[in-house]
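Comments concern the structure below.
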Amino acid sequence: MPKLTVRGFTLVELLVVMSIVAILATLGMTIYSTVLKNSRDSKRQADLATHIQPALEQYFADQLYYPVLGTGSCPATPSVDDGKFRMGCALRNSGGTKTYSQSLPADPITSNYPPYQYVPSPADCNNPANCTSYCLYAKMENKTSLLAACADQTSGSVTYDFELTVP
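This is the structure we're talking about:
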């Protein structure tokens, strides 16, 4: 009688292969998530250093002071309520005649993530002529502890991890 041979994998072999695939998939997703976080953090640092800070420095070079902090939405008419700093809005002089940035960038994660923070100084800086310095803050996803020149910044329940100040 001919011998019957069964070809295939045993249950143990299948379980080992599935375990290895699951471990590799978990590692891959973790690494991918970290790469995305680092990418967004790099964008935040670049936004502050290459977009917002140069606009503020050009504003200072022309006006001899930094803008005060604006609240609310972007002004509909450029000459109304300009000369104030609002994330996502254009940065213009107080008359609205010169634009320093068409649109200040917003955080890469716009929903449920804290925006960038601009703090003019000294603390009682409500008159533009008094604004002689500033600190820019961003909340990083990977903690970097790069706070140095400015005081630690906390806004509500948000503690910012990265800062830039006057160069």
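Read the sequence shown against our numbering and you will find it ends at 193, with the numbers running on by one and no gaps. C-beta atoms are modelled at their ideal positions from N, C-alpha and C, and glycine is treated no differently.
Asked: Taking the DSSP output, what are the residues bridged to V94?; Found: K110
Asked: Can you give, in chain order, each stretch of the beta strand (DSSP E) that sits fully within the stretch 48 to 80 and has at least 3 residues?; Found: none
Asked: Please name the residue or residues paired with Q238 in a DSSP beta bridge.; Found: Residue numbering for the chain in the displayed model covers 27 to 193; residue 238 lies beyond these limits and cannot be assessed.
Asked: So what's G34 in DSSP terms, helix, strand or just coil?; Found: coil
Asked: Using DSSP bridges, identify the partner residues of F188.; Found: A164
Asked: State whether the stretch 72 to 86 contacts the stretch 122 to 135, with contact taken as three or more CB pairs (one from each stretch) at a distance under 8 Å.; Found: yes
Asked: On the premise that D88 lies in contact with K124, defined as a C-beta separation below 8 Å, what is that separation, rounded to the nearest angstrom?; Found: 7 Å
Asked: Assign S129 to one of three DSSP states: helix, strand, or coil.; Found: coil
Asked: Measure the Cβ-Cβ separation of A146 and Y163 and say whether it is below 8 Å.; Found: The sequence shown places Pro at residue 146, not Ala. Result no, Cβ atoms of P146 and Y163 do not sit closer than 8 Å.
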